[in-house]
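Colleague: Provided herewith is a single structure, encoded as structure tokens, for subsequent inquiry.
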Amino acid sequence: MAARMIIASPTDYRLAAKRRLPRFLFDYIDGGAYAEHTLRANVGDLEAISLRQRILKNVADLSLETELFGHRLAMPLVIAPVGLAGMLARRGEVQVAKAAAAKGIPFTQSTVSVCPIEEIVPQSSQPIWFQLYVLKDRGFMKNALERARAAGVTHLVFTVDMPTPGARYRDPHSGMSGRFGPQRRLLQAIGKPRWAVDVGLFGRPHDLGNVSRYLGKPTGLADYIGWLAKNFDPSISWADLEWIRAFWQGPMIIKGILDPEDARDAVKFGADGIVVSNHGGRQLDGVMSTARALPMIADAVGRDLTVMVDSGVRSGLDVVRMLALGARAVMIGRPMAYALASGGQAAVENLLDVFAREMRVAMTLTGVTRIADIDRTCLAGQGGPA
Ligand code: FNR
């Protein structure tokens, strides 16, 4: 029998997921684009930033609570959209949405989730954000927006850094891209997991997320991914977002901004928020890390809209670093995915507890008691002394 894993830090969930998942799924989460330079830079640049230790400040009355778009959050964290999370655990998106709600933070549902919007929203007491890709099939987008509104989604996140999918070289090696025959055989060998039955890898294709709902018929996973691959749209521009505005009155957040000029365009467009992101290093390898891009962007537009960030955040200490660099809130992708794969809702709840604990320690030892007070003076050599 395999030795039981001890889970102390968020990184332990990565190892637990590696043990638990078939390789094609682990590499799908863990990998990045091309040679994975940006993936490594996201983590490396962030952890290289020194926090500024302060002492004897009486920080006993400390709170992680914050306000985002008029909602109170228990801490400045948001679950990032992660496609096909329902393949990491059965009804995976519902499990994560419940964990996020239990810990008082928003969950963002991906366009390409396994569970449809209508299944998720009623199971959460917290705001549900919905992420949309701008796809060639505008009928799908209109349908998704209407369903999101009807279901009670509160915020819309537009991911604009995927006019074409980045080349992820691990996928052909692991078999995640290409035909699903080998995966089916592998999963058959380990005993037909329920989620794999749900996504139609055995026998009859099942109801699969938002795409099945739109097409009005069950889709197997291969059809689902094939439909998506054909639908990424390199012609997208700000004008397309104007078209979408007409269908959506709530807060609109643009995800995938890495340049101050684009951030200024987002202000001109009238976005309520942006997510500084390079898609976790999964799109254009060689672009700069978000830890480097964030301060320039926060300086350019931080007073005009809500600046959030993701990519490379692996601990509560990293969250505090990102807030100090100018973000109002931080999204996490892979840490959540590893935890979900390791132990479902309970593991994601524990992960969020660990993040909260780490944030408290970072605030205690940098001498701040309120999220709004975290700024560049909390960093050594970046506003504080070198
Ligand atoms: C993603 N990401 C993503 N983003 C998005 O807007 N829609 C999506 O469907 C997905 N799918 C997806 C799948 C997987 C497996 C990963 C790891 C990521 C990107 C995600 O929202 C986020 O930007 C990054 O994950 C942030 O980087 P970290 O936290 O993973 O380093």
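Note that UniProt numbering has the sequence shown beginning at 1, numbered continuously upward. Built from N, CA and C at the ideal position, the CB exists for glycine as well.
Residues bridged to residue 159 by DSSP?
Modeller: DSSP, once it has assigned bridges, lists 133 and 255 as partnering residue 159.
Colleague: Ligand 1 and residue 177: does any heavy atom of the ligand fall closer than 6 angstroms to the residue's C-beta?
Modeller: Residue 177: no, Cβ never under 6 angstroms from ligand 1.
Colleague: Closest to residue 78 by C-alpha separation, out of 251, 101, 84 and 112, would be which residue?
Modeller: With distances taken between Cα atoms, residue 78 lies closest to 101.
Colleague: Using a threshold of 6 angstroms, is the CB atom of residue 174 nearer than that to any non-hydrogen atom of ligand 1?
Modeller: No, Cβ of residue 174 sits at least 6 angstroms from all heavy atoms of ligand 1.
Colleague: Per DSSP, what are the beta-bridge partners of residue 108 in this structure?
Modeller: DSSP lists 129 as partners of residue 108.
Colleague: Should residue 251 go down as buried or exposed, given a rule of 16 or more other Cβ atoms within 10 Å for buried?
Modeller: Result: buried.
Colleague: Report all residues from its chain with a CB closer than 8 angstroms to the CB of residue 360; omit the five preceding and five following residues, and keep chain order.
Modeller: Closer than 8 angstroms at Cβ, skipping near neighbours: 62, 64 and 316.
Colleague: Considering residue 287, what are the terminal residues of the alpha helix (DSSP H) in which it resides?
Modeller: Here residue 287 belongs to no alpha helix (DSSP H), and DSSP marks it neither H nor E.
Colleague: Can you tell me where the alpha helix (DSSP H) with residue 336 in it begins and where it stops?
Modeller: Counting along the chain, the alpha helix (DSSP H) containing residue 336 begins and ends at 334 to 366.
Colleague: Report whether the distance from the Cβ of residue 311 to the nearest heavy atom of ligand 1 is below 6 angstroms.
Modeller: Checking every heavy atom of ligand 1 against the Cβ of residue 311, one is found closer than 6 angstroms.
Colleague: How is residue 301 classed by DSSP in three states: helix, strand or coil?
Modeller: Helix at residue 301.
Colleague: By Cβ distance, which residues of its chain are closer than 8 angstroms to residue 219, with the 5 residues on each side in sequence left out?
Modeller: Hits under 8 angstroms: 200, 205, 208, 211, 212 and 227.
Colleague: Alpha carbon to alpha carbon, how far is residue 13 from residue 195?
Modeller: Distance between the alpha carbons of residue 13 and residue 195 is about 20 angstroms.
Colleague: Taking 6 angstroms as the line, does the beta carbon of residue 112 fall inside it for any heavy atom of ligand 1?
Modeller: Answer for residue 112: yes, Cβ within range of ligand 1.
Colleague: With a threshold of 6 angstroms, establish whether the CB of residue 82 neighbours any heavy atom of ligand 1.
Modeller: Yes, ligand 1 has a heavy atom inside 6 angstroms of this Cβ.
Colleague: Which runs of the beta strand (DSSP E) spanning at least 3 residues fall entirely within the region 26 to 68, listed in chain order?
Modeller: DSSP runs (the beta strand (DSSP E)) wholly in the region 26 to 68: 66 to 68.
Colleague: In whole angstroms, what is the alpha-carbon distance linking residue 309 and residue 155?
Modeller: Approximately 16 angstroms, taken between the alpha carbons.
Colleague: Can you check whether the CB of residue 117 is closer than 7 angstroms to the CB of residue 148?
Modeller: Yes. Within cutoff.
Colleague: Verify the contact flag: residue 71, CB atom, against every heavy atom of ligand 1, threshold strictly below 6 angstroms.
Modeller: Residue 71: no, Cβ never under 6 angstroms from ligand 1.
Colleague: Given that a residue counts as buried once 16 or more other Cβ atoms are within 10 Å of its Cβ, and exposed if not, what is residue 70?
Modeller: Classification for residue 70: exposed.
Colleague: Can you list, in chain order, the residues of its chain with a C-beta nearer than 7 angstroms to that of residue 87? Leave out the 5 residues immediately preceding and following it.
Modeller: Answer for residue 87: 25, 114, 195 and 199, listed in chain order.
Colleague: In whole angstroms, give me the CA-to-CA distance for residue 275 and residue 90.
Modeller: Cα to Cα, residue 275 sits roughly 28 angstroms from residue 90.
Colleague: Can you name, in chain order, every residue of its own chain whose Cβ lies under 6 angstroms from the Cβ of residue 345, other than the five neighbours on each side?
Modeller: For residue 345, where only same-chain residues beyond five positions count, the Cβ hits under 6 angstroms are 95, 98 and 99.
Colleague: How many angstroms separate the CA atom of residue 329 from the CA atom of residue 66?
Modeller: Distance between the alpha carbons of residue 329 and residue 66 is about 9 angstroms.
Colleague: Since residue 256 and residue 160 should fall inside the 8 angstroms C-beta cutoff, what is the C-beta to C-beta distance between them, to a whole number of angstroms?
Modeller: Yes, they are in contact, since the Cβ atoms of residue 256 and residue 160 sit about 5 angstroms apart, within 8 angstroms.
Colleague: What are the complete alpha helix (DSSP H) segments, minimum 4 residues, inside the region 173 to 200?
Modeller: If we require 4 residues or more, the alpha helix (DSSP H) runs fully inside the region 173 to 200 come out as 181 to 189 and 194 to 198.
Colleague: Does the beta-carbon of residue 103 have 16 or more other beta-carbons within 10 angstroms, so that it is buried, or is it exposed?
Modeller: Label assigned to residue 103: buried.
Colleague: Where residue 292 and residue 45 are concerned, what is the direct C-alpha to C-alpha distance, given to the nearest angstrom?
Modeller: Taking the straight line joining both Cα atoms gives about 7 angstroms.
Colleague: Please report the straight-line C-alpha distance between residue 33 and residue 157, rounded to a whole angstrom.
Modeller: Each residue's Cα considered, the two are about 22 angstroms apart.
Colleague: Give every residue of the same chain whose Cβ lies closer than 6 angstroms to the Cβ of residue 240, excluding the five residues on either side of it in the sequence, and list them in chain order.
Modeller: If we look at residue 240 and ignore the five residues flanking it on each side, its Cβ neighbours are 134.
Colleague: Assuming residue 422 is part of the alpha helix (DSSP H), what are its boundary residues?
Modeller: This structure cannot speak to residue 422, because the chain is shown only from 1 to 386.
Colleague: To the nearest angstrom, how far is the alpha carbon of residue 93 from that of residue 233?
Modeller: Straight-line Cα distance between these residues: approximately 26 angstroms.
Colleague: Please confirm whether residue 75 and residue 356 have their CB atoms less than 7 angstroms apart.
Modeller: Yes, they are a contact pair.
Colleague: Does the region 169 to 184 come close enough to the region 267 to 282 that 3 or more CB-CB pairs lie under 8 angstroms?
Modeller: No: the two stretches stay apart, fewer than three of their Cβ pairs being nearer than 8 angstroms.
Colleague: Sorry if obvious, but does the Cβ on residue 155 come closer than 6 angstroms to a heavy atom of ligand 1?
Modeller: No.
Colleague: Taking the alpha helix (DSSP H) that residue 141 belongs to, which residues open and close that run?
Modeller: Element bounds for residue 141: 138 to 151.
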